[in-house]
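A quick write-up on the structure given underneath.
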Amino acid sequence: MIGPGTRVLVTGGSSGIGAATAEAFAARGCHVVVVGRNVAALTELARRIGGASCVADLTDPHAIDTVCSEADKADVLVAAAGQGWAGRLIDTPDGDMETLVGVNMLAPMRLARAALLGMRRRSGGHLVFVSSIAGHMAVADEAVYSATKAAMNAFAASIRHEASPHGVGVSVVVPGVVDTAFFSRRGTPYSRRFPRPVPAEAVAERIVRAVERRRPEVFVPRWLRFPARLRGVAPHLTDALQRRFG
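Using the UniProt record's numbering, read the sequence shown as starting at 1 and increasing by one per residue.
And the structure:
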């Protein structure tokens, strides 16, 4: 259970899902440390929720070392930071590929390792990875982003085996389209007719419940589980549906 005394570390806390998640845990009495790059936004959020801030750029390996020291003390780690990029693979610059892999894969892996070491010592805790439906559906023009999210799905499933014997839960939360600044930051607005964006607060509540109920995998909204599973058995059909509604 979570509540007063539970120490929660949330990456991507400057805005969007990360900020909403920090508020949701704080509302349950947890002590929340938010990680991000926007000093003003982090300071204001930490003040509002009675938590603490850790300014760090997760594209910088040295900055991640600082966050790892916080992760070692966390009872709950929520890896919500994410970087997006939309466009054809042949147009994707090397630097953007490296940023996507660094923020979406390497940073959560390193933080999970640090957090898991501390949780093993305390015989309990929970790791949460915010993935994306793109990691299941292989979204067109998001090849590298989809690959990083698919990798996190596999990573979480794998470490669940080594975490479980020590009382540590591992959850993957899979949002669809979320109403945040993610799309404007990546440089390409969301223009698909379907699905409609969901509020970041809805994802945050599902993250908290995933920890409370020790759910291994959560889709937001729930119906996204169906196309994700369908792709596993009928990839040609899901490809056709994506082209139809994309």
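Glycine is no exception: its CB is placed at the ideal position from the N, C-alpha and C atoms.
Residues that residue i bridges to, as DSSP identifies them
i: residue 252; result: A query on residue 252 cannot be resolved here, the shown segment of the chain reaching from 1 to 246 and no further.
i: E217; result: V172
i: D179; result: P199
i: G125; result: V168
Inter-residue Cα distance where the pair is residue i and residue j
i: I90; j: G5; result: 49 angstroms
i: A26; j: N38; result: 20 angstroms
i: G50; j: A79; result: 20 angstroms
i: A107; j: A156; result: 14 angstroms
i: A74; j: S146; result: 28 angstroms
i: A46; j: D96; result: 30 angstroms
i: L127; j: T99; result: 23 angstroms
i: P101; j: R28; result: First, the amino acid is wrong: residue 101 is Val here, not Pro. Each residue's alpha carbon lies about 33 angstroms from the other.
i: G176; j: D65; result: 31 angstroms
i: R229; j: L111; result: 29 angstroms
i: P165; j: F129; result: 19 angstroms
i: G36; j: R113; result: 19 angstroms
i: V32; j: A151; result: 27 angstroms
i: E142; j: A40; result: 31 angstroms
i: V67; j: A56; result: 7 angstroms
i: L42; j: I17; result: 13 angstroms
i: R206; j: V174; result: 10 angstroms
i: A138; j: S131; result: 13 angstroms
i: G135; j: N104; result: 11 angstroms
i: D179; j: R160; result: 30 angstroms
i: S171; j: G125; result: 11 angstroms
i: A20; j: R214; result: 20 angstroms
Residue i classed as buried or exposed, judged by whether at least 16 other C-beta atoms fall within 10 angstroms
i: E23; result: buried
i: K149; result: buried
i: S14; result: buried
i: H62; result: exposed
i: A163; result: buried
i: M119; result: buried
i: residue 253; result: With the chain represented from 1 up to 246, any question about residue 253 goes unanswered, as that position is not in the structure.
i: R121; result: exposed
i: A210; result: buried
i: R7; result: buried
The alpha helix (DSSP H) enclosing residue i, as first and last residue numbers
i: residue 247; result: No information on residue 247 is available, as it lies outside the stretch 1 to 246 that the chain covers here.
i: A157; result: A143 to A163
i: M109; result: A107 to R122
i: A19; result: G16 to A26
i: I64; result: P61 to A71
i: L45; result: V39 to I49
i: D94; result: D94 to V101
N- and C-terminal bounds of the beta strand (DSSP E) containing residue i
i: R7; result: R7 to T11
i: V78; result: V76 to A79
i: S53; result: A52 to V55
Meets three-Cβ-pair contact criterion under 8 angstroms: the stretch 196 to 208 and the stretch 217 to 225: yes
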